[in-house]
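Visitor: Line order of the protein sequences matches chains U and L.
Heads up: the first sequence begins at 34 in our numbering, then just goes up one per residue.
Heads up: the second sequence begins at 19 in our numbering, then just goes up one per residue.
In this text, a Cβ means the ideal position worked out from N, Cα and C, and glycines have one as well.
Here you go, one structure.
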Amino acid sequence: MDIALRQVGSTVLVSFVRPVNLEGDESLQFRDRVKNLIADGRTRLVVDLGQVKFIDSFGLGALVSALRVVRAANGDLKLAAVPQSVEAVLRLTRLNTVFDCHATMEDALKAFQAAG
Amino acid sequence: MAADDPPSPGSGPGAGGNGFPRDRIEIRLPSRADFLGAVRTVVRGLLEECLPVRITEEEIHGIQMALQEACINAVRHAHRNDPSVPVVVGITARPDLLVLEIEDRGPGIPDREHQPPDPDPDNPREGGYGLFIMRETMDEVRSERRGDRHVLVLVKRLVPRGPEGGAGAPPGSGT
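As structure tokens, then:
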């Protein structure tokens, strides 16, 4: 799973380099990468889901796990460019009310900047 | 068998003259999570290409999700990712009914997990969404023992396309 990182100020933008299914063990790789970022002190994260074609319960668990860890570190994780199919799963599992979702990376970044 | 009962393999109206079911596909795959996308694609193809049904993209995606959750449960929990142990996916496809049977060699779903709690947005869990997703997206979810095998049966009732040929919202691309 190829993940690209871009730092803008104190926020790290996380995106997938190519189309990916966030499922099974693949999602655990993603979770561990994000947790490593948090362990390195980077606690303002935007995850761009634009390349995610499919997500299953493991993918959802990975996102929730990352969110819990980053919030425990007094940071936050926002989602950007959530595809319709992923958004449907978030709604189904009520996780759409847990994650702060934005149309684009830039919008998510602005939300972080507005929060100070 | 009641009219609404899902057909059993090799019998009932779906059986052909030699006993081989004419509306059933079986896929036998190693317990590898990276093979599951192909199985999801087969089900999408059946629904989009082979069945005269009214179905929306959301419904197709829901069926694919339920299938994924059942299969990943077999691969990871029942077979502990051992690729030498096969998962058998049976797909019975009729214009009014889709039955997915996911067979593994594990002990089945523990009783305590049969009624998973609803997701709690105030205290989101990291796991336990699989069975919830299956129950939300399918009309029926059953766990059965067949000899030494465990079979998760997922049933989705379909709406046959009328003579006018109208269909639901056009399905989009996906896996």
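Given this structure, state the Cα-to-Cα distance separating U:Ala113 from U:Thr137, to the nearest angstrom.
Guide: Working through the first sequence from its first residue, we reach residue 113 of chain U at position 80. Working through the first sequence from its first residue, we reach residue 137 of chain U at position 104. Their backbone Cα atoms lie some 5 Å apart in a straight line.
Visitor: Would U:Thr76 and U:Gly108 be called neighbours here (beta carbons separated by less than 8 Å)?
Guide: Along the first sequence, read from residue 1 onward, the residue named residue 76 of chain U stands at position 43. Along the first sequence, read from residue 1 onward, the residue named residue 108 of chain U stands at position 75. Yes, the pair counts as a contact, with Cβ atoms nearer than the cut-off.
Visitor: Using a Cβ-Cβ distance cut-off of 8 Å, determine whether L:His95 contacts chain U.
Guide: Along the second sequence, one-based indexing puts residue 95 of chain L at 77. By this cut-off, L:His95 is not an interface position.
Visitor: When the Cα atoms are used, what is the spatial distance from L:Val177 to L:Cys89?
Guide: Position 159 of the second sequence holds residue 177 of chain L. Position 71 of the second sequence holds residue 89 of chain L. Cα to Cα, the separation comes out at about 25 Å.
Visitor: With DSSP as the reference, label U:Asn107 as helix, strand or coil.
Guide: Translated into positions along the first sequence, residue 107 of chain U becomes position 74. U:Asn107 falls in the coil class under three-state DSSP.
Visitor: What residues in the segment 112-125 of chain U bring their beta carbon closer than 9 Å to a beta carbon of chain L?
Guide: Hits within the stretch, in order: Gln117, Ser118, Ala121, Val122 and Leu125.
Visitor: Give the straight-line distance between the Cα atoms of U:Glu179 and U:Leu46, rounded to the nearest whole angstrom.
Guide: Since the first and last residues shown for chain U are 34 and 149, residue 179 of chain U lies out of range.
Visitor: Does any residue of chain L have a CB that is nearer than 8 Å to the CB of U:Gln85?
Guide: Here residue 85 of chain U is taken as the residue at index 52 of the first sequence, counted from 1. Note that residue 85 of chain U corresponds to Val in the displayed sequence, not to Gln. So, not an interface residue.
Visitor: Measuring alpha carbon to alpha carbon, tell me which residue in U:Ala72, U:Leu123, U:Val67 and U:Gln146 is nearest U:Phe49.
Guide: Along the first sequence, read from residue 1 onward, the residue named residue 49 of chain U stands at position 16. Checked all of U:Ala72, U:Leu123, U:Val67 and U:Gln146; the closest Cα to U:Phe49 is U:Val67.
Visitor: Between L:Ile43, L:Gly148 and L:Gly80, which has its C-alpha nearest L:His95's C-alpha?
Guide: Locating residue 95 of chain L in the second sequence gives position 77, counting from the first residue. Checking every option, the nearest Cα to that of L:His95 belongs to L:Gly148.
Visitor: Less than 8 Å between the C-beta atoms of L:Glu87 and L:Val105, yes or no?
Guide: Numbered from 1 along the second sequence, position 69 holds the residue referred to as residue 87 of chain L. Numbered from 1 along the second sequence, position 87 holds the residue referred to as residue 105 of chain L. Contact flag unset, no.
Visitor: Going by other Cβ atoms of all chains shown within 10 Å of its Cβ, with 16 needed for buried, is L:Gln82 buried or exposed?
Guide: Position 64 of the second sequence, counted from the start, is the residue given in the question as residue 82 of chain L. Buried, since its Cβ has 16 or more Cβ neighbours within 10 Å.
Visitor: Can you tell me which of U:Gln40, U:Pro116, U:Gly57 and U:His135 puts its alpha carbon nearest to the alpha carbon of U:Lys86?
Guide: If you number the first sequence from 1, residue 86 of chain U lands on position 53. Comparing Cα positions, the closest option is U:Pro116.
Visitor: Would you say U:Leu46 reaches chain L, if we count a Cβ-Cβ gap shorter than 8 Å as a contact?
Guide: Within the first sequence, numbered from 1, the residue matching residue 46 of chain U stands at position 13. Not an interface residue.
Visitor: Using a Cβ-Cβ cut-off of less than 8 Å, list which residues of the segment 50-63 of chain L approach chain A; keep chain order.
Guide: In the displayed structure, chain A is absent; the protein chains listed are U and L.
Visitor: Count the other CB atoms within 10 Å of the CB of L:Arg62; is the residue buried (16 or more) or exposed (fewer)?
Guide: Within the second sequence, numbered from 1, the residue matching residue 62 of chain L stands at position 44. When all chains shown are included, L:Arg62 counts as buried.
Visitor: Got a sec, what are the start and stop residues for the beta strand (DSSP E) U:Gly57 sits in?
Guide: Within the first sequence, numbered from 1, the residue matching residue 57 of chain U stands at position 24. Element bounds for U:Gly57: not the beta strand (DSSP E) but the alpha helix (DSSP H), Gly57 to Ala72.
Visitor: Looking at L:Val57 and L:Val107, is the spacing between their C-beta atoms short of 8 Å?
Guide: In the second sequence, the residue the question calls residue 107 of chain L occupies position 89. In the second sequence, the residue the question calls residue 57 of chain L occupies position 39. Cβ atoms of L:Val107 and L:Val57: closer than 8 Å.
Visitor: Against chain U, does L:Arg175 count as a neighbour if the rule is that its beta carbon must be under 8 Å from one of theirs?
Guide: Your numbering for residue 175 of chain L matches position 157 in the second sequence. For L:Arg175, the answer is no, since every Cβ of chain U falls outside 8 Å of its Cβ.
Visitor: Which residue from L:Gly165, L:Glu67 and L:Thr110 puts its Cα closest to that of L:Leu118?
Guide: Taking the second sequence and counting its residues from 1, one reaches residue 118 of chain L at position 100. That would be L:Thr110, whose Cα lies nearest to the Cα of L:Leu118.
Visitor: For U:Thr126, which residues from the same chain have a beta carbon less than 7 Å from its beta carbon, with the 5 sequence-adjacent residues on both sides left out?
Guide: Numbered from 1 along the first sequence, position 93 holds the residue referred to as residue 126 of chain U. Same-chain partners within the cutoff: Leu93.
Visitor: For L:Glu44, tell me which candidate among L:Ala51, L:Val60 and L:Asn36 has the shortest Cα-Cα distance.
Guide: For the purposes of this step, residue 44 of chain L is taken as residue 26 along the second sequence, with counting starting at 1. Comparing Cα-Cα distances from L:Glu44 to each of L:Ala51, L:Val60 and L:Asn36, the minimum goes to L:Val60.
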